[in-house]
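Colleague: Below: one structure in structure tokens.
Residue numbers (the numbering used here), protein chains in the order written: chain H, 2 to 250; chain G, 66 to 333.
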């Protein structure tokens, strides 16, 4: 186990509004952290700070790089694909874009890269959709393709923003099985508004509501949430509301 | 028909059609897929300000247009990201401001009053050899940039935020590409005019996009359809004695309708 990212006393926000207030968090190489909290509580901002997309107003963030690295490799699955869904691009090209690097700006795609695509899309169960236009994918297929894009470069850290949006119940559990397997190789930080659902898969929980409270276990209940000033409803949909309080051992 | 090819104006027009087809085919695919058609329209009309100032100062109006268009393009790119003004409002203001500037300067230029219509609607038969030379240079630059940076352009057009995360110099490419958009517009003003140049940047792409969802193929088909539209439109203008710019746009729209209907028939 090794420290990957240390968030030290970070304050961040947009347009004069503070979204994160003196937040601390250490992400280790084998972590699987579920980030929960109310809407507008700063969950997405936290991910964007880690990604370097939002510059913090105060505090600093330390990336522990291994030798020969000049930048930490982070995989990212954005919340609700905000880009143009009708963009003329194939599934293969979307996944390949995950291998984009500043250093290989000019080069074309190598055979090795194409093999890598085969590997990840097979893992995601979308091997048959390889040459299909991205715009023709269903919601669940879109998430799978974007997750394939996020992991194709074998990042050390995978950030997921609401990974189970648009995903049906069958793929939801499949998705978390995939994530559990990926967790052997990379740290995962997953944001979800659905605290109950996510708590049964993650190892630890971070409650974000401007402040961040780290909870070193995946068991969570309303009392804990109250103590952390994290006002969210612990309601799971479907037939398994009890899994919120499931015993971890 | 054959004697047309011995006509110097016609030969230049033919060359211009090839170059316009290539430059607009590539740049049009970029702006259509990235949904910056309105921004490109703003830059196009802003360039009219440069034409007016060019006349007033006695320099080549096309050069004036090029400078004005590139500055507007960089300005729009900058302000839509930084300032707290709405993106589309910035573009609309620039659009109108450029036109107003052009009209004022042309009006106060003493003596010779250039034909405004030729800038607004173009005439492919007036394209001169120096114009062609400009077009050749710019078309070469565009082809080189889009071949060399093919995957960066595709990936950052698709998802700019993701490209940023991958540490790609997204802002540099945004400025580079919007400048190429501005220059493409300017070199094609003589061909179809300020008002109609957007047609060359969007209609071939929409015809192509009806037939394929591949970015590369949209570029290839757009070049082809643009060229066909330009030549057919030019012929139509010649034989029916109508203005060439309008004739070209009209032809392109007819092609679009035919392809859309054709696709619907094939599907059913």
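In this text, a Cβ means the ideal position worked out from N, Cα and C, and glycines have one as well.
#1: Do you know offhand how far residue 60 of chain H's Cα is from residue 23 of chain H's?
#2: Closest to residue 123 of chain H by C-alpha separation, out of H:104, H:107, H:139, H:148, would be which residue?
#3: Hey, is the segment 52–69 of chain H in contact with the segment 82–102 of chain H, meaning 3+ C-beta pairs nearer than 8 Å?
#4: Give the secondary structure of residue 113 of chain H by DSSP, where H, G and I count as helix, E and B as strand, and everything else as coil.
#5: Under 9 Å, do residue 35 of chain H and residue 179 of chain H count as touching if we go by C-beta distance?
#6: Residues of the segment 218–245 of chain G with a CB closer than 8 Å to any CB of chain H: list them in chain order, please.
#7: Compare the C-beta of residue 102 of chain H with all C-beta atoms of chain B and state if any pair is closer than 9 Å.
#8: In the DSSP assignment, find the unbroken beta strand (DSSP E) run with residue 14 of chain H in it and report its ends.
#9: Near residue 71 of chain G, which residues of its chain fall below 7 Å by C-beta distance, leaving aside the five closest residues on each side in sequence?
#10: Answer with buried or exposed for residue 302 of chain G, where buried requires no fewer than 16 other C-beta atoms within 10 angstroms of its C-beta.
#11: One question on the structure: do residue 189 of chain G and residue 299 of chain G come within less than 9 Å of each other, judged by their Cβ atoms?
#12: Out of G:306, G:281, G:273, which has the shortest C-alpha to C-alpha gap to residue 293 of chain G?
#13: Quick one: which chain H residues come within Cβ less than 7 Å of residue 213 of chain G?
#14: In chain H, which residues lie with their C-beta within 7 Å of the C-beta of residue 278 of chain G?
#15: Would you kindly work out how many angstroms separate the C-alpha atoms of residue 259 of chain G and residue 53 of chain H, rounded to a whole number?
#16: How would you call residue 254 of chain G, buried or exposed, if buried means at least 16 neighbouring beta carbons within 10 angstroms?
#17: Looking at C-alpha atoms only, which residue of G:217, G:321, G:151 is the closest neighbour of residue 280 of chain G?
#18: First and last residue of the alpha helix (DSSP H) that includes residue 49 of chain H?
#19: Taking the alpha-carbon of residue 48 of chain G as reference, which of G:287, G:320, G:314, G:331 has the nearest alpha-carbon?
#20: What is the DSSP secondary structure of residue 73 of chain G, counted as helix, strand or coil?
#21: Counting only beta-carbon atoms, is residue 79 of chain H nearer than 9 Å to chain G?
#22: Taking just the CA atoms, how far does residue 221 of chain H sit from residue 244 of chain H?
#23: Does the pairing of the segment 165–176 of chain G with the segment 110–117 of chain G give three or more beta-carbon distances under 8 Å?
#24: Quick one: measure Cβ to Cβ for residue 76 of chain H and residue 156 of chain H, integer angstroms, because I've assumed they're closer than 8 Å.
Modeller: By the coordinates alone:
#1: Their backbone Cα atoms lie some 7 Å apart in a straight line.
#2: Checking every option, the nearest Cα to that of residue 123 of chain H belongs to H:148.
#3: No: fewer than three Cβ pairs fall under 8 Å.
#4: Note: residue 113 of chain H maps to helix in three-state DSSP.
#5: No; because the gap between Cβ atoms is not below 9 Å, this pair is not in contact.
#6: Within the segment 218–245 of chain G, the qualifying residues are 219, 220, 222, 223, 224, 225, 226, 227, 228, 229, 230, 231, 232, 233, 234.
#7: No chain B appears in the structure shown, which is made up of the protein chains H and G.
#8: Run containing residue 14 of chain H: 4–15, per the beta strand (DSSP E) assignment.
#9: Excluding positions up to five away in sequence, the list is empty.
#10: The residue is buried, with at least 16 neighbouring Cβ atoms inside 10 Å.
#11: Cβ distance < 9 Å, so residue 189 of chain G and residue 299 of chain G count as in contact.
#12: If we check each option's Cα against that of residue 293 of chain G, G:273 comes out closest.
#13: Simply 107.
#14: Identification of chain H residues near residue 278 of chain G by a Cβ-Cβ cut-off of 7 Å yields 89, 134, 136, ordered along the chain.
#15: One C-alpha to the other measures close to 41 Å.
#16: The residue is buried, with at least 16 neighbouring Cβ atoms inside 10 Å.
#17: Comparing Cα positions, the closest option is G:217.
#18: First-last of the alpha helix (DSSP H) with residue 49 of chain H: 44–52.
#19: In the structure as shown, chain G starts at 66 and stops at 333, and residue 48 of chain G therefore has no counterpart that could be examined.
#20: Correct three-state label for residue 73 of chain G: helix.
#21: For residue 79 of chain H, the answer is yes, since a Cβ of chain G falls inside 9 Å of its Cβ.
#22: A caution first: residue 244 of chain H carries a pLDDT of 41, below 50, which makes its placement in the model too unreliable to give a value.
#23: Yes, they touch.
#24: With a beta-carbon spacing of about 4 Å, residue 76 of chain H and residue 156 of chain H fall inside the 8 Å limit used to define contacts.
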